[in-house]
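**Q**
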Amino acid sequence: MNYVVIGNPIAHSKSPQIHALFAAQFPDHPAVEGFVYDRLLAPLDGFANAVHEFAAAGGRGANVTVPFKEEAYRFAAELSPLAQAVGAVNTLIRLPSGDWLGDNTDGAGLVADILRHIPIKDKRILLLGAGGAARGVILPLLGQQPASLTLANRTFAKAEQLILHFQANTSIFLRACEYGALEGNYDLVINATSASLSGERLPISNAVFAPNALAYDMMYGKAETPFLAQAREAGVALRVDGLGMLVGQAAEAFELWTGLRPDVAPVLEWMREQLQ
Ligand code: ATR
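Below, the structure written as structure tokens:
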């Protein structure tokens, strides 16, 4: 049984280790018999070809990462309702017909990881960023019935556009905001911007964090991320980076392929040790 993670670049991907650890949790189970998971580097203009070749070689499922998630959305013959709403695919599942079904497990991975720390129901959420990462998690967050979701972004128009897109199908209070215009405080503050990549801090005030707030950074790294440093300095005790989201989205994909739900905790612990 062949699985891959497709991206460009891909050498850094931890997905093969994560999936090997998941598969090892089910020794002798027929659903993971011969389970092999590799990295697949696709040329920037060769995503579809790479998937076709993988399929011809017996490929059963693929994770899709940067920069191919939108292309995978256009490529998939069928789409889950979530992938449809998000406009991006991070998991491909080979159907018995030979066609590929596209799904998106990023948001479910985030939600599962947050729920390991706090419930989301009735919480006031502040989501920072309005790019692909933010777009992928809005519906799964709304599925947890928060009290409200505020989306703040450097480019206000992008936040406004995203809110308009999701507002039609929910009764939950949604709003778009500029960083400088944020008022009040939030129980759950999630960084979905890529500002950390350039080591930059976000122009948000310490007051956005409610007492007992959870600060969640979708980024992770060996060192504390700039956003979590900002949260620590604001006095936020509960701070979580995105390593658990990475393992969580992988767990959702593994379950889609095998029907087996792996235990995330020991794999996350192992991944954390690797970062040291
Ligand atoms: P991704 O797929 O990771 O979401 P993206 O679609 O390029 O990547 O989106 C990047 C997000 O990070 C955007 O919300 C971007 O803000 P703009 O829409 O205003 O560009 C945000 N971002 C990146 N660098 C930032 C910075 N230094 N300060 C604030 N926001 C930043």
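Residue numbering for the sequence shown follows my numbering, starting at 813 and increasing by one per position. Each residue gets a CB set at the ideal place from its N, CA and C atoms; glycine is no exception.
Using DSSP with H/G/I as helix, E/B as strand and the rest coil, what is L904?
**A** Taken through DSSP and simplified to helix, strand or coil, L904 comes out as strand.
**Q** For L1050 and A1063, I'd like the C-alpha separation in whole angstroms.
**A** 24 Å
**Q** My guess is that V1059 and M1083 are in contact by the Cβ rule of under 8 Å, so how many angstroms apart are they, rounded?
**A** The C-beta distance from V1059 to M1083 rounds to 6 Å, short enough to meet the 8 Å contact threshold.
**Q** What are the start and end residues of the alpha helix (DSSP H) that includes N861?
**A** For N861, the uninterrupted alpha helix (DSSP H) run begins and ends at F859 to A868, by DSSP.
**Q** I think I932 touches P958, with their Cβ atoms under 8 Å apart; what is that distance to the nearest whole Å?
**A** 5 Å
**Q** Please classify E1045: does DSSP put it in a helix, a strand, or coil?
**A** helix
**Q** Looking at S1006: is its Cβ nearer than 8 Å to the Cβ of T1037?
**A** no
**Q** What does DSSP give as the partner residues of A1027 in its beta bridges?
**A** DSSP output for A1027 lists V1001 and R1051 as bridge partner(s).
**Q** Would you check whether the ligand ATR has a heavy atom nearer than 7 Å to the C-beta of P1007?
**A** The residue asked about is misnamed: residue 1007 is Ala in this sequence, not Pro. At least one heavy atom of the ligand ATR is nearer than 7 Å to the Cβ of A1007, so yes.
**Q** Where P1015 and I1002 are concerned, what is the direct C-alpha to C-alpha distance, given to the nearest angstrom?
**A** 14 Å
**Q** Give a yes or no on whether the minimum CB-CB distance between L953 and chain D is below 8 Å.
**A** Of the protein chains in this structure there is only one, and it is not chain D.
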